[in-house]
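Enquirer: Note that the numbering used here has the sequence shown beginning at 1472, numbered continuously upward. Ideal placement from N, C-alpha and C gives every residue a C-beta, glycine not left out. Encoded as structure tokens, here's the structure I'll be asking about.
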Amino acid sequence: MSERLEDIAVKMVAGARGLLAADESTATIKKRFDTIDLVSTEESRRDYRELLFRTDDAMKKYISGVILYEETLFQKAADGTPFVDIIRAAGSIPGIKVDTGAKPMTYFPGETITEGLDGLRERLAKYYEAGARFAKWRGVIAISDKLPTYGSIKANAHALARYAALCQEAKIVPIVEPEVLMDGEPGTHDIARSEDVTRFVLQTVFQELAEQRIQLEGMILKPSMVIDGKKARKASVEEVAERTVKVLRQTVPSAVPGIAFLSGGQSNEEATAHLSAINTGFSLPWHVTFSYGRALQDMAIKAWGGKKENVAAGQRAFAHRAEMNHLAAKGSWKKELEKAA
Ligand code: 13P
């Protein structure tokens, strides 16, 4: 029996559980492994992802779904168990990154267009067969004095909507991810500019989603928070939360079941503090949770260091961040809880 899109979407965001974004491309995971002087091979990538997916207690309690890279969707743990089975056994849903990356956009210097639409219908059928029940596509919007341009926002929003339609046709819930970069170049914009750009981007995205007849009940939005550039961080936790909530209320229809933020280069604790503030004191029409990559994994990679004897330490680090973000999704995270670990 095929599940309904809206039921899968709710499962992805309900109960203050969130998504583990473990869909680093081969090039990106290499950068992460470089920080611990580990060579990226099919085996080291497998060992690392196995560490995460076998953090059983955290996976069961705090993680609703895992975004995988194609290699991992079809990969097996060291003992031969498919990763998809391990994820499902923990009560979590396997998902898949389906875009093929943000490429330089012709005639738009400094901006990118995300690729991957050609052949997507056929790939989605294969991913569904392999167990994926949701997908992710990331459009990237850079901020500078002159950027973003309308042309780039429009093209990326259009691609997001075309991707979302193909996903829904394939009974796969699309995560629609328009990321407004905080850590791009020059990274010196203030939070007011982030607010304006994020508002316009989300308006454009939802306009495209409407024009392409996307069923809002069967999708998840993965936005960036409204936050100042990485080289100009000044805004308080409260200000980030207030401006983020304001923009989301102005642009995201309440028919969308859930919003799952990306961390985008925020520190681990910032990403958690902001999510908790967003979930405190506002009455919101959506489930609001996390879909973090770096903010869930940085500590785990460091604690593991690529060494067998450190697997348990890596798992403890991952479990801790997952628990903190679960509390943040309930609005009940406190700074003191970080010290306890
Ligand atoms: P970060 O949380 O590290 O930004 O990654 C989330 C993600 O999936 C980006 O596409």
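Examine the ligand 13P and report whether any of its heavy atoms sits within less than 7 Å of the Cβ of I1749.
Expert: Numbered from 1 along the sequence shown, position 278 holds the residue referred to as residue 1749. For the ligand 13P, not one heavy atom lies less than 7 Å from the Cβ of I1749.
Enquirer: Assign T1506 to buried or exposed, taking buried as 16 or more other Cβ atoms, counted over all protein chains shown, within 10 Å of its Cβ.
Expert: What you label residue 1506 is simply residue 35 of the sequence shown in a count that begins at 1. Exposed, since its Cβ has fewer than 16 Cβ neighbours within 10 Å.
Enquirer: Is the beta carbon of L1490 closer than 8 Å to that of F1761?
Expert: The sequence position of residue 1761 within the sequence shown is 290, counting from 1. The sequence position of residue 1490 within the sequence shown is 19, counting from 1. Their beta carbons are under 8 Å apart, which means F1761 touches L1490 by this criterion.
Enquirer: Which parts of the stretch 1566 to 1641 are runs of the beta strand (DSSP E), unbroken and 3 residues or longer, counting only runs that do not cross its ends?
Expert: 1573 to 1575, 1583 to 1585, 1605 to 1612
Enquirer: Taking the alpha carbon of K1668 as the reference point, which residue from A1641, E1682, V1697, A1630 has its own alpha carbon closest?
Expert: Taking the sequence shown and counting its residues from 1, one reaches residue 1668 at position 197. Going by the sequence as given, residue 1668 is Val instead of Lys. Measuring from the Cα of V1668, the nearest candidate turns out to be V1697.
Enquirer: Whether or not the stretch 1696 to 1715 and the stretch 1736 to 1750 are in contact is what I'm after, with contact meaning three or more pairs of Cβ atoms, one per stretch, closer than 8 Å; do they touch?
Expert: yes
Enquirer: Mapping DSSP to helix, strand and coil, what is K1502?
Expert: If you number the sequence shown from 1, residue 1502 lands on position 31. If DSSP states are grouped into helix, strand and coil, K1502 belongs with the helices.
Enquirer: Exposed or buried, what is A1706 when buried is set at 16 or more other beta-carbons lying within 10 Å of its beta-carbon?
Expert: Within the sequence shown, residue 1706 is the residue found at index 235, counting from 1. When all chains shown are included, A1706 counts as buried.
Enquirer: Please confirm whether R1592 and L1637 have their CB atoms less than 8 Å apart.
Expert: To locate residue 1592, count along the sequence shown from 1; it is residue 121. To locate residue 1637, count along the sequence shown from 1; it is residue 166. For R1592 and L1637, yes; Cβs fall inside 8 Å.
Enquirer: Should E1813 go down as buried or exposed, given a rule of 16 or more other Cβ atoms within 10 Å for buried?
Expert: For residue 1813 there is no data in the structure shown, the boundaries of the chain being 1472 and 1812.
Enquirer: So, for S1563: in the same chain, excluding its five sequence neighbours on each side, which residues have a beta-carbon less than 7 Å away from its beta-carbon?
Expert: Position 92 of the sequence shown, counted from the first residue, corresponds to residue 1563. If we look at S1563 and ignore the five residues flanking it on each side, its Cβ neighbours are M1530, I1534, S1535, G1536, V1537.
Enquirer: Does Q1786 pass the burial test, meaning 16 or more other C-beta atoms within 10 Å, or should it be called exposed?
Expert: In the sequence shown, counting from the first residue as 1, residue 1786 sits at position 315. Counting Cβ neighbours within 10 Å, Q1786 comes out buried, since at least 16 surround it.
Enquirer: Please list, following the chain, all residues that have a C-beta closer than 5 Å to any non-hydrogen atom of the ligand 13P.
Expert: A1492, R1609, L1733, S1734, G1735, Y1763, G1764, R1765
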